[in-house]
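Visitor: In UniProt numbering, the protein residues as written are 1 to 318.
Would you mind keeping the following structure in view while I ask a few things?
Here is the structure:
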């Protein structure tokens, strides 16, 4: 996720439409090894806070040497973030929020050198020599407990929630906390627990990813194929439809929901590019009683009750 800001170290409040997120499409049941790049094709995305997708790219297991994100100092996952930032021509001073598929300590260092802000969740395997408490031990601490470490330009924070969460960022060097509401199963009430401010910001700004995924999953293309490229193609169609709807909402707020908008697009494409089915057999000698202009004027010509029980078409013989 991206935020405009004059300096990387200074976090400013910006409108939701200016926030971006960086994420990838992976199945929820994938293992860590599967999600780190063993698949040949994974779409990676930069998204805005309202669910709009400005840019995306295919994640390859062995990217070419001339790929914009390739750097000797970062691995494949972080290079996807850097590559998308260059392809999207993101200016320095913008803030990225990315999930644990991409986040490493070397990525945050590289983002700092390029003038970008960086904040993301991390996996335990990427912490290396950071002297944090072991996750199994830290899980036993009270809910809301946190530990942090300031290293060079980075702030590394670990927090105990439903599970252990680790976040690293280069936009703050001072650890601050706020409050969050969590459900207490034993008391059956909502309790207030301490929450690091950086984790609250991360959850807020990564909302564009979840929003876009939610819109895409509502009315996705359900045609199945054995071709490897078909899921990518159908996902691109769904994302393009969601993007068009986001543009439409900014122009005409709340006039059509996503389903109505998709129906309108489909009808428009059929009217403009569709072909009429060819007639089979001999043409009828009867004159057409209703013109095509009347039939397809979308004015809802419904049958009406005239009071008579039987009616016969005037051109029918017999």
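Idealized CB from N, CA, C, for every residue including glycine.
For residue 319, which of 102, 255, 109, 110 has the nearest alpha-carbon?
Guide: Nothing about residue 319 can be read from this structure; the chain reaches only from 1 to 318.
Visitor: Helix, strand or coil: which one does DSSP assign to residue 177?
Guide: strand
Visitor: In terms of alpha-carbon separation, which member of 121, 192, 164 lies closest to residue 177?
Guide: 192
Visitor: Assign residue 158 to one of two classes, buried (16 or more other C-beta atoms within 10 Å of its C-beta) or exposed (fewer than that).
Guide: The residue is buried, with at least 16 neighbouring Cβ atoms inside 10 Å.
Visitor: Compute the Euclidean distance between the alpha carbons of residue 276 and residue 265, then round it to the nearest angstrom.
Guide: Taking the straight line from one Cα to the other gives about 18 Å.
Visitor: Curious, which full-length beta strand (DSSP E) runs of at least 3 residues does the segment 87 to 141 contain?
Guide: Taking 3 residues as the minimum length, the beta strand (DSSP E) runs contained wholly in the segment 87 to 141 are 95 to 98, 117 to 121, in order along the chain.
Visitor: When the Cα atoms are used, what is the spatial distance from residue 237 to residue 245?
Guide: 12 Å
Visitor: Kindly list the residues whose CB is nearer than 7 Å to the CB of residue 218, restricted to its own chain and excluding five residues on each side of it in sequence; keep chain order.
Guide: 258
Visitor: Quick check: what's the CA-CA separation for residue 96 versus residue 116?
Guide: 7 Å
Visitor: Buried or exposed for residue 121, please, with buried defined as at least 16 other CB atoms from any protein chain shown within 10 angstroms of its CB.
Guide: buried
Visitor: Suppose contacts are defined by Cβ-Cβ distances below 7 Å. Is residue 78 in contact with residue 112 by that definition?
Guide: no
Visitor: Looking only at C-alpha atoms, which of 247, 144, 172, 281 sits nearest to residue 184?
Guide: 144
Visitor: How is residue 196 classed by DSSP in three states: helix, strand or coil?
Guide: strand
Visitor: On the criterion of 16 or more Cβ atoms from any shown chain inside 10 Å, does residue 196 qualify as buried, or is it exposed?
Guide: Result: buried.
Visitor: Cβ of residue 182 within 7 Å of Cβ of residue 155?
Guide: no
Visitor: Can you tell me whether residue 83 is buried or exposed, with buried defined as 16 or more other CB within 10 angstroms of its CB?
Guide: By the Cβ-count criterion, residue 83 is buried, with 16 or more other Cβ atoms from all chains shown falling within 10 Å of its own Cβ.
Visitor: Exposed or buried, what is residue 199 when buried is set at 16 or more other beta-carbons lying within 10 Å of its beta-carbon?
Guide: buried
Visitor: Quick one: complete alpha helix (DSSP H) runs, 4+ long, within the segment 193 to 269?
Guide: Inside the segment 193 to 269, DSSP marks whole alpha helix (DSSP H) runs of 4 or more residues at positions 197 to 205, 207 to 218, 230 to 251, from first to last along the chain.
Visitor: Please look up how many angstroms separate the CB atoms of residue 212 and residue 242, rounded, as I've assumed it's under 8 Å.
Guide: 6 Å between Cβ atoms; contact.
Visitor: Under the rule that 16 or more other beta-carbon atoms within 10 Å means buried, what is residue 118, buried or exposed?
Guide: Result: buried.
Visitor: As a quick exercise: from 128, 166, 107, 187, pick the residue whose alpha carbon is nearest that of residue 153.
Guide: 107
Visitor: Give the DSSP-derived three-state secondary structure of residue 146 in the structure shown.
Guide: strand
Visitor: If residue 164 and residue 135 are in contact, beta carbons under 8 Å, what's the gap, nearest whole angstrom?
Guide: 5 Å
Visitor: Determine the burial state of residue 307: buried for a count of at least 16 other Cβ atoms within 10 Å of its Cβ, exposed for fewer.
Guide: exposed
Visitor: Run the CB neighbour count on residue 327, radius 10 Å, all protein chains shown included, and call it buried at 16 or more, exposed below.
Guide: Since the first and last residues shown for the chain are 1 and 318, residue 327 lies out of range.
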